[in-house]
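Here the structure comes first, spelled out in structure tokens, and everything after it is commentary.
Number of protein chains: 2
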Amino acid sequence: MLTKPPHSFDDATRVAAGDSRWTGHTSDDYWAFVGPFGGVTAATMLRAIIEHPQRSGNPLSLTVNFCAPIAQGPFDLDVRLIKANRSTQHWSVELTQGGTDVATFATAVFAVRRPSWSHQPAQLPAAPPFEQLRPYPKSSLRMSWVRQYDFRFVEGEPQLGGAPHAAPASAFSKLWIGDTKPRKIDVLSLMSMSDAFFGRIFHVRNEFVPFGTVSLTTYFHADAEDLAEEDISHVLATADAKTFHKSYGDQTGELWSPNGRLLATTTQIAYFKA
Amino acid sequence: MLTKPPHSFDDATRVAAGDSRWTGHTSDDYWAFVGPFGGVTAATMLRAIIEHPQRSGNPLSLTVNFCAPIAQGPFDLDVRLIKANRSTQHWSVELTQGGTDVATFATAVFAVRRPSWSHQPAQLPAAPPFEQLRPYPKSSLRMSWVRQYDFRFVEGEPQLGGAPHAAPASAFSKLWIGDTKPRKIDVLSLMSMSDAFFGRIFHVRNEFVPFGTVSLTTYFHADAEDLAEEDISHVLATADAKTFHKSYGDQTGELWSPNGRLLATTTQIAYFKA
Numbered sequence: 006m007l008t009k010p011p012h013s014f015d016d017a018t019r020v021a022a023g024d025s026r027w028t029g030h031t032s033d034d035y036w037a038f039v040g041p042f043g044g045v046t047a048a049t050m051l052r053a054i055i056e057h058p059q060r061s062g063n064p065l066s067l068t069v070n071f072c073a074p075i076a077q078g079p080f081d082l083d084v085r086l087i088k089a090n091r092s093t094q095h096w097s098v099e100l101t102q103g104g105t106d107v108a109t110f111a112t113a114v115f116a117v118r119r120p121s122w123s124h125q126p127a128q129l130p131a132a133p134p135f136e137q138l139r140p141y142p143k144s145s146l147r148m149s150w151v152r153q154y155d156f157r158f159v160e161g162e163p164q165l166g167g168a169p170h171a172a173p174a175s176a177f178s179k180l181w182i183g184d185t186k187p188r189k190i191d192v193l194s195l196m197s198m199s200d201a202f203f204g205r206i207f208h209v210r211n212e213f214v215p216f217g218t219v220s221l222t223t224y225f226h227a228d229a230e231d232l233a234e235e236d237i238s239h240v241l242a243t244a245d246a247k248t249f250h251k252s253y254g255d256q257t258g259e260l261w262s263p264n265g266r267l268l269a270t271t272t273q274i275a276y277f278k279a
Numbered sequence: 006m007l008t009k010p011p012h013s014f015d016d017a018t019r020v021a022a023g024d025s026r027w028t029g030h031t032s033d034d035y036w037a038f039v040g041p042f043g044g045v046t047a048a049t050m051l052r053a054i055i056e057h058p059q060r061s062g063n064p065l066s067l068t069v070n071f072c073a074p075i076a077q078g079p080f081d082l083d084v085r086l087i088k089a090n091r092s093t094q095h096w097s098v099e100l101t102q103g104g105t106d107v108a109t110f111a112t113a114v115f116a117v118r119r120p121s122w123s124h125q126p127a128q129l130p131a132a133p134p135f136e137q138l139r140p141y142p143k144s145s146l147r148m149s150w151v152r153q154y155d156f157r158f159v160e161g162e163p164q165l166g167g168a169p170h171a172a173p174a175s176a177f178s179k180l181w182i183g184d185t186k187p188r189k190i191d192v193l194s195l196m197s198m199s200d201a202f203f204g205r206i207f208h209v210r211n212e213f214v215p216f217g218t219v220s221l222t223t224y225f226h227a228d229a230e231d232l233a234e235e236d237i238s239h240v241l242a243t244a245d246a247k248t249f250h251k252s253y254g255d256q257t258g259e260l261w262s263p264n265g266r267l268l269a270t271t272t273q274i275a276y277f278k279a
């Protein structure tokens with residue numbers, strides 16, 4: 006009997022229910038500078054809520070605070086339902102390793118989304134189709150997580166490796182993002198992709214500097230039913246930054262369905278040393 | 006001996022340290038539809054951290070999840086230092102009333118911000134000076150919190166009271182915001198003002214509909230020293246929305262010093278019935 010091997014993303018975000026705590030394990034496939042890729046950590050924490058027996062509805066927002074590096078290996082997830090109303094739930098998830106010291110802390114809102122008046126003031130950014138663009142070459146990047154994604158830049162492709170820019174370049178990027186091994190877009194991949202932009206400071210300065218996301222917030226504008234209807238395996242993404250000051254900079258981003266629906270918006274604040 | 010009466014904002018956000026819990030009290034001066042104005046609740050939770058003896062550094066981000074209405078009266082604040090590093094601290098604050106049911110839940114990152122390379126890609130939006138614009142008339146609005154602020158619209162002034170728009174209008178607004186009784190801008194007033202936009206849906210539809218912020222995230226791009234240098238009592242603010250779908254819509258916003266510095270960026274997701 007042949008069974009289909011699971012996608013590495015599903016492996017990386019796997020969680021198991023324990024007696025009072027859930028557990029997970031870092032993935033070597035999604036490794037960044039000094040720890041796991043934050044997007045996969047965020048998706049893993051979201052998945053623990055989604056698979057929780059008390060969960061109702063779809064994710065509406067997730068905020069993840071990255072408190073300390075996560076070491077390679079297993080971790081515990083303390084999943085707590087803070088408050089449940091008729092149609093919304095508020096959750097928190099604490100990720101710890103080998104004790105009580107919190108490495109990552111997340112809060113989430115879930116909602117049963119009811120039909121309503123719909124209006125999307127934002128417009129799908131113009132871009133050539135995914136298939137017409139060449140994948141971003143990743144051979145020069147040592148981080149394993151980058152190889153899990155198929156990035157196809159429309160604007161703001163990083164030219165890392167040359168001399169740092171004399172004057173700051175644009176912080177804006179527009180690109181398609183899909184899994185390198187194609188996988189249907191669900192809320193977990195949206196969560197992860199919302200952290201899959203290169204640090205804006207790398208684009209602006211054209212060099213790698215010490216960098217780490219401190220807090221990440223993603224809003225979901227599509228529920229499971231909407232995503233099933235979209236039936237897509239890549240998103241059109243934009244990312245930008247407004248300011249870099251006293252060792253911290255921001256990032257904003259959008260994730261679009263090629264069909265024109267805004268699926269998620271995201272913002273983060275990140276540390277840098279420059 | 007004459008003592009200067011405290012500003013109503015400082016009254017509204019007052020907290021007291023208890024044995025293990027902090028306490029606060031809702032303010033009739035900052036009341037909204039069915040509970041306190043969320044911006045003041047957020048500022049009160051932030052103030053509890055700022056006044057905590059273990060606090061170090063300045064607020065970098067605050068995320069507030071509004072779980073249930075807060076009733077008029079006292080509340081308890083359970084302030085917890087989740088994790089402290091050399092230069093950052095991660096905090097959570099739970100607001101409860103008369104028991105264990107959480108009404109509001111906040112997470113914050115504080116940081117000792119060190120000098121660095123600075124770059125602000127975002128540009129101060131063009132606007133006539135605060136003094137040259139007339140205050141937004143508030144006589145028709147029953148919510149007390151609105152009277153505590155001096156709004157001076159540059160663009161997107163709501164024309165509430167007429168017929169609902171046949172086609173959706175713009176969700177964008179640009180306005181000056183100051184305290185009606187002028188008060189120097191500090192991190193607490195920035196926190197509150199980051200929630201002081203009218204619901205974007207009111208602008209788009211030109212009518213009030215049931216509305217409530219579910220989750221609010223604000224990033225601070227200036228520390229106490231920067232704000233002292235600015236020495237201002239109003240900010241130039243912009244707000245916009247990208248989508249309204251299945252009973253939830255987003256909002257993004259910026260708060261600017263009239264001197265051209267981006268002080269804070271904010272985003273929220275809100276429930277609506279329409």
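Residue numbers (my numbering), protein chains in the order written: chain X, 6 to 279; chain R, 6 to 279. Glycine included, C-beta positions come from ideal geometry on N, C-alpha and C.
Counting only Cβ-Cβ distances below 9 Å, T93 (chain R) has contacts in chain X at C72, V219 and Y276, in chain order. With contact defined as three or more Cβ pairs closer than 8 Å, the region 208-228 of chain R and the region 261-270 of chain X are not in contact. T222, Y224, H226, D228, A246, K247, T248, F249, H250, K251, S252, Y253 and D255: these are the residues of the region 221-255 of chain X whose beta carbon lies less than 7 Å from some beta carbon of chain R, given in chain order. In the same chain as A21 (chain X), and ignoring 5 residues on each side of it, the C-beta atoms closer than 7 Å to its own belong to W27 and T28, in chain order. Put simply, of X:A113, X:R157 and X:R118 the residue whose alpha carbon is nearest the alpha carbon of S252 (chain R) is X:R118. Going by beta carbons, F177 (chain R) and D245 (chain R) fall inside the 7 Å limit. It is roughly 6 Å from the alpha-carbon of W122 (chain R) to the alpha-carbon of A279 (chain X).
In this structure, R147 (chain R) keeps its C-beta atom at 7 Å or more from the C-beta atom of F14 (chain R). Under the three-state reduction of DSSP, F213 (chain R) is assigned to coil, being neither helix nor strand.
Interface criterion not met: the Cβ of L51 (chain X) is under 7 Å from no Cβ in chain R.
Segment contact: the region 202-214 of chain R against the region 130-142 of chain R, fewer than three CB-CB distances shorter than 8 Å; contact not assigned. Counting only the Cα atoms, V69 (chain X) lies some 27 Å from L232 (chain R).
Under the Cβ distance rule, W122 (chain R) counts among the residues neighbouring chain X, one pair being separated by less than 7 Å. Identification of residues in the region 167-197 of chain X having a C-beta nearer than 9 Å to some C-beta of chain R yields P173, S175, A176 and F177, given in sequence order. At a Cβ-Cβ threshold of 7 Å, F135 (chain R) and R152 (chain R) do not count as neighbours. Non-local beta-carbon contacts of V45 (chain R) in its own chain, meaning distances under 8 Å to residues more than five positions away in sequence, involve F14, A17, T18, S32, Y35, W150 and S197 in chain order. For D33 (chain R), the secondary structure class from DSSP, reduced to helix, strand or coil, is helix.
DSSP places G43 (chain R) inside the alpha helix (DSSP H), whose first and last residues are G43 to I55. DSSP places W96 (chain X) inside the beta strand (DSSP E), whose first and last residues are T93 to T101. Membership of L146 (chain R) in any beta strand (DSSP E) is not indicated, and neither H nor E is assigned to it by DSSP. If you ignore the 5 residues before and after E56 (chain R), its C-beta comes within less than 7 Å of the C-beta of V20, all in its own chain and listed in chain order. Exclusion of the five residues before and after C72 (chain X) leaves V107, A108, T109 and F110 as the residues of its chain whose Cβ lies within less than 8 Å of its Cβ.
In summary, E99 (chain R) is buried, with 16 or more beta-carbon neighbours lying within 10 Å of its beta-carbon over all protein chains present. Note that the C-beta distance between L193 (chain X) and A48 (chain X) is below 7 Å. For P126 (chain R), the nearest CB of chain X lies under 7 Å from its own CB, placing it at the interface with that chain.
Taking the Cα positions, F80 (chain X) is about 54 Å away from P133 (chain R).
Residue contact check for L100 (chain R) against chain X: no CB pair falls below 7 Å. In the structure shown, the three-state DSSP call for A127 (chain R) is coil.
Less than 7 Å separates the beta-carbon of L180 (chain X) from that of A242 (chain X). At least one CB of chain R lies nearer than 7 Å to the CB of V107 (chain X).
Cβ contact annotation for T101 (chain X) (same chain, cutoff 6 Å, sequence separation greater than five): D81 and V107, in chain order. Here M50 (chain X) has V98 and A111 as same chain residues with Cβ atoms under 6 Å from its own Cβ, once five neighbours each way along the sequence are excluded. The three-state reading of DSSP puts Q273 (chain X) in strand, counting E and B together. Here H170 (chain R) is exposed, its C-beta having fewer than 16 other C-beta atoms within 10 Å.
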